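Participant:
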Amino acid sequence: MQHNRVVSEEQQALSQLTNAENEQRIAEEQLRAAESRLRQAKIITVVTSFFWWTAICIKFVGGQAADTKEAESAVQRARDKVEEKRNACNQAREKHTAAKQKTSQSAAQYRERVNERSQQESIVQQRSSVVATRKQHLEQVSNTLRDINRQRTTTETNLKTTSSKLQRAQVQLNTTTNDLQRSQHELHTHEQQKQELDSNIETLQTTIERHERTIQEHRLLMNDNQTALTNATNSHQTQVIEVQRIKGRVDQMKRTLTDKTNMEKAKVREINNQQKLLEMEKNTEQQLRNDLATKRTQLGEVENELKTTTTKLIEITDQIKDLQNQKKNLDQQQKAKSQELRHCELAQRQAREQVQKQDLKVQSVRQKFDILKNRDQQLHSEIKTVETKLQSKTEQLTTNQNSINQVAEQLRSVKQQQERSQQTITTSKNTLNNVDAQVRQKTEKIEQQDRVFRETTNQFRRQQEKFTQNEDLRAANYERLEKLEQTITELKQYHTDEQTKLQLKANDIITNDLRAKGITQKVRNINVNPTATTIDLKKKQPLS
Numbered sequence: 034m035q036h037n038r039v040v041s042e043e044q045q046a047l048s049q050l051t052n053a054e055n056e057q058r059i060a061e062e063q064l065r066a067a068e069s070r071l072r073q074a075k076i077i078t079v080v081t082s083f084f085w086w087t088a089i090c091i092k093f094v095g096g097q098a099a100d101t102k103e104a105e106s107a108v109q110r111a112r113d114k115v116e117e118k119r120n121a122c123n124q125a126r127e128k129h130t131a132a133k134q135k136t137s138q139s140a141a142q143y144r145e146r147v148n149e150r151s152q153q154e155s156i157v158q159q160r161s162s163v164v165a166t167r168k169q170h171l172e173q174v175s176n177t178l179r180d181i182n183r184q185r186t187t188t189e190t191n192l193k194t195t196s197s198k199l200q201r202a203q204v205q206l207n208t209t210t211n212d213l214q215r216s217q218h219e220l221h222t223h224e225q226q227k228q229e230l231d232s233n234i235e236t237l238q239t240t241i242e243r244h245e246r247t248i249q250e251h252r253l254l255m256n257d258n259q260t261a262l263t264n265a266t267n268s269h270q271t272q273v274i275e276v277q278r279i280k281g282r283v284d285q286m287k288r289t290l291t292d293k294t295n296m297e298k299a300k301v302r303e304i305n306n307q308q309k310l311l312e313m314e315k316n317t318e319q320q321l322r323n324d325l326a327t328k329r330t331q332l333g334e335v336e337n338e339l340k341t342t343t344t345k346l347i348e349i350t351d352q353i354k355d356l357q358n359q360k361k362n363l364d365q366q367q368k369a370k371s372q373e374l375r376h377c378e379l380a381q382r383q384a385r386e387q388v389q390k391q392d393l394k395v396q397s398v399r400q401k402f403d404i405l406k407n408r409d410q411q412l413h414s415e416i417k418t419v420e421t422k423l424q425s426k427t428e429q430l431t432t433n434q435n436s437i438n439q440v441a442e443q444l445r446s447v448k449q450q451q452e453r454s455q456q457t458i459t460t461s462k463n464t465l466n467n468v469d470a471q472v473r474q475k476t477e478k479i480e481q482q483d484r485v486f487r488e489t490t491n492q493f494r495r496q497q498e499k500f501t502q503n504e505d506l507r508a509a510n511y512e513r514l515e516k517l518e519q520t521i522t523e524l525k526q527y528h529t530d531e532q533t534k535l536q537l538k539a540n541d542i543i544t545n546d547l548r549a550k551g552i553t554q555k556v557r558n559i560n561v562n563p564t565a566t567t568i569d570l571k572k573k574q575p576l577s
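Per the working numbering, the very first residue in the sequence shown carries number 34; after that it's consecutive.
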């Protein structure tokens, strides 16, 4: 490598020398041209000094007299340039001679190194032959050592087998002696037990009877527990049905406000009629005044309690609206995911046109996607039917209203349950926050999976571009396509599961809120009005 570098330096120096010589020749030619121009200028000046009419002729023709000073300065510049080029040429020659000396020295060193290398190669060959002989000797020694080790292992195995046989024989002898002693001891114990059993037969009969009685009691308890379990399951089902009914009522509270106000007015009229009847039945005015005062106080308490309950029900409706907004957001995310799935399907179709063998898999994936769409449509239709059923049931329940006397009795129990409802509202808010955090985590996971899906699709496109050059990647690409299709279906299933979980949690929160207030009390309607606040409560019904 060093010799090649020195040779390249010599070639560079030679090229620099040739360039310097060429530049020197050019400068000398420029000097000659400048000197010739200077001679012409001097001749013209001499001629014009002797013959005045030649200058006039030159001016008349259009020429000008040569300027000797400019010619002299040009000659001087050319001479300076020639000197510079000569110096540069001399420097290049010196560099070239130095490079030649270096090349000669490097060639001599190269020859010496070649000779040294040949000597070293001969030494290496000698040593390699020695190493080969030593390897052969080592193989022979290793073979003899293996034979010795085999003989040693065989002797050790024989010794171990004999020792193990002796140990087995000793163990068998010990076991037989122990069995004999054990059998003698057992015979003695059996005789003692026989004597004890003969003496304790009566006690055993009494214990057996006692055990039978306890077994019968346990059976009765099991039957009671089974009935209690069936009752609990039935009550749970009824509670679920009641929760669904209450949800429908909350949705239709705003629609039935006007009907409620009219019913309230009718009830007020009925109260007035009842008051008139009571006045006719009762003879004393003092009793009537006392009844009116008590009823007015009860009405004031009822109005205050109605205000508090309306505020709480407004909060519950706000929570329901938030849950509906979350559901809308999830639906929008589902639409966006469906659009992304459509784009992915277009890319996959282009890939499948190139690969005819994957047509069957593509058809199966499309069938699955259509099945999922049909399931989604069926679920939407079922939800609509359930909503219509709930609306019909709520309309039927609105017809079943109770009198104002029963409302007054129920408001007393509502006071006791307000504290419980506040606690349950706080717990429901905490659970809603937890649900929101879980939903956010799930959405982040879905976004991460979408990113992974996009990265894999980009990798698949890149691999398609390289498909013509590298056909060995075809199987890997097919496997990745299958994995992507599986991830798409899993994401769809995961999204639907999370949506159903969120809906169930919302239903549980509503059930807990209303259970704290007493599932037996059905809130029918709310009317938030600056002039008057009205509410209608359903009659208490026992849980099944």
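Virtual Cβ for every residue (Gly too), placed ideally from N, Cα, C.
Predicted model, so just to flag it, every value in this text is computed and none were measured.
Only counting the same chain, and skipping five residues up and downstream in sequence, which positions put a Cβ closer than 7 Å to that of residue 565?
Facilitator: Residue confidence for residue 565 is low, a pLDDT of 36 falling below 50, so the modelled location carries little weight; the figure read from the coordinates is stated next. Counting only Cβ-Cβ distances below 7 Å, and skipping sequence neighbours, we find nothing.
Participant: Suppose you measure from the CA of residue 546 to the CA of residue 515; what does that come to, to the nearest Å?
Facilitator: So the two alpha carbons sit approximately 46 Å from each other.
Participant: Return the CA-CA distance between residue 407 and residue 522, expressed in angstroms with no decimal places.
Facilitator: Near 14 Å, if we compare the C-alpha coordinates of residue 522 and residue 407.
Participant: Using 8 Å for Cβ pairs, my map puts residue 132 next to residue 107. What's the rounded Cβ distance?
Facilitator: With 8 Å as the limit, residue 132 and residue 107 do not qualify as a contact, their Cβ atoms being about 36 Å apart.
Participant: Nearest to residue 128 by alpha carbon, out of 149, 118 and 44?
Facilitator: Among 149, 118 and 44, the Cα nearest to that of residue 128 belongs to 44.
Participant: Are the CB atoms of residue 146 and residue 50 within a distance shorter than 8 Å?
Facilitator: No. Outside cutoff.
Participant: Which word fits residue 52, buried or exposed, when buried means at least 16 other C-beta atoms lie within 10 angstroms of its C-beta?
Facilitator: Exposed is the call here.
Participant: Distance, Cα to Cα, residue 196 vs residue 189?
Facilitator: In a straight line, the C-alpha of residue 196 is about 10 Å away from that of residue 189.
Participant: For my contact list, residue 64 and residue 112 are in at a C-beta cut-off of 8 Å; report their separation, rounded to the angstrom.
Facilitator: Right, their Cβ atoms sit about 6 Å apart.
Participant: Less than 8 Å between the beta carbons of residue 70 and residue 46, yes or no?
Facilitator: No. Outside cutoff.
Participant: So, is residue 249 buried or exposed, given that buried needs 16 or more other C-beta atoms within 10 angstroms?
Facilitator: Its Cβ having fewer than 16 others within 10 Å, residue 249 is exposed.
Participant: Return the CA-CA distance between residue 40 and residue 163, expressed in angstroms with no decimal places.
Facilitator: So the alpha carbons of these two residues sit roughly 40 Å apart.
Participant: Less than 8 Å between the beta carbons of residue 60 and residue 114, yes or no?
Facilitator: Yes. Within cutoff.
Participant: Rounded to the nearest angstrom, what separates residue 460 and residue 470 at their Cα positions?
Facilitator: So the two alpha carbons sit approximately 15 Å from each other.
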